[in-house]
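For the sequence shown, my numbering assigns the number 1 to the initial residue and increments by one for each residue that follows. Glycine residues also receive a C-beta, built at the ideal position from the N, C-alpha and C atoms. These numbers were taken from a predicted model, which means no experiment stands behind them. One structure below.
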Amino acid sequence: MAGETTITIVGNLVDDPELRFTPAGAAVAKFRVASTPRTFDRQTNEWKDGEGLFLTCSVWRQQAENAAATLARGMRVIVQGRLKQRSYEDREQVKRTVYEIDVEEVGPSLLRASAAVTKNPAGGGGQAQGGDARAAAAPTGQQHSEHGGGGWATRSPAAAAAAPGYSDEPPF
């Protein structure tokens, strides 16, 4: 839509994505991202953390299922979407305003991690934007990992290369 505010935020997940389904069966995952600016103080010769920004993010359909299967608390992520403002009254009738992101794209940051990507099968149900993929991140120097419901299942780089749809060839 014209006039919408798009935003890209890089930060850490505060908690695991929470996957739910609407009565119509559409998947939606919610998670919070914390982004804290850091500046270097030359006088004290140390880094100082600024005021943290916490944003609630909502992602829908197949991408919601991918996010819930892939992302976990503490992971550094990149989120791009539409910034929304919502006002409400709390239990004490105090007016509150919150800012949220309707997610268009989300994935792990590769600054200090690596990721193995597994494409969803064709016709994977409700793909509003083609090419959704599952990715999992692990700290640099560790093997590629996939996040399952109960914990981390380690997958070697050789196993990642043998995954269906994987190719060493450049895409051009």
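Residue closest to residue i, alpha-carbon to alpha-carbon, out of the options
i, options, result
"alanine 26", "Arg32, Glu46 and Val59", "Val59"
"serine 114", "Pro121, Val77, Val33 and Leu83", "Val77"
"threonine 36", "Thr22, Ile9 and Glu18", "Ile9"
"phenylalanine 21", "Asp41, Thr97, Glu65 and Gly107", "Glu65"
"leucine 19", "Val98, Gly3, Gln62 and Val33", "Gln62"
"leucine 111", "Trp47, Leu71 and Met75", "Met75"
"alanine 116", "Arg96, Thr70 and Thr5", "Thr70"
Element boundaries [beta strand (DSSP E), containing residue i]
i, result
"glutamine 62", "Glutamine 62 -> not in any beta strand (DSSP E); alpha helix (DSSP H) instead, spanning 61–70."
"glutamate 46", "46–49"
"threonine 118", "113–119"
"alanine 34", "27–35"
Close beta carbons around residue i, own chain, < 8 Å, minus the five adjacent residues each side
i, result
"arginine 73", "Leu13, Val14, Asp15 and Asp16"
Pair within 9 Å by beta-carbon distance, residue i and residue j
i, j, result
"glutamate 100", "threonine 56", "yes"
"glycine 81", "aspartate 102", "yes"
"phenylalanine 40", "alanine 67", "no"
"arginine 86", "valine 98", "yes"
Neighbourhood of residue i by C-beta, 6 Å cutoff - its chain only, sequence neighbours within 5 removed
i, result
"glycine 11", "Val33, Ala34 and Ser35"
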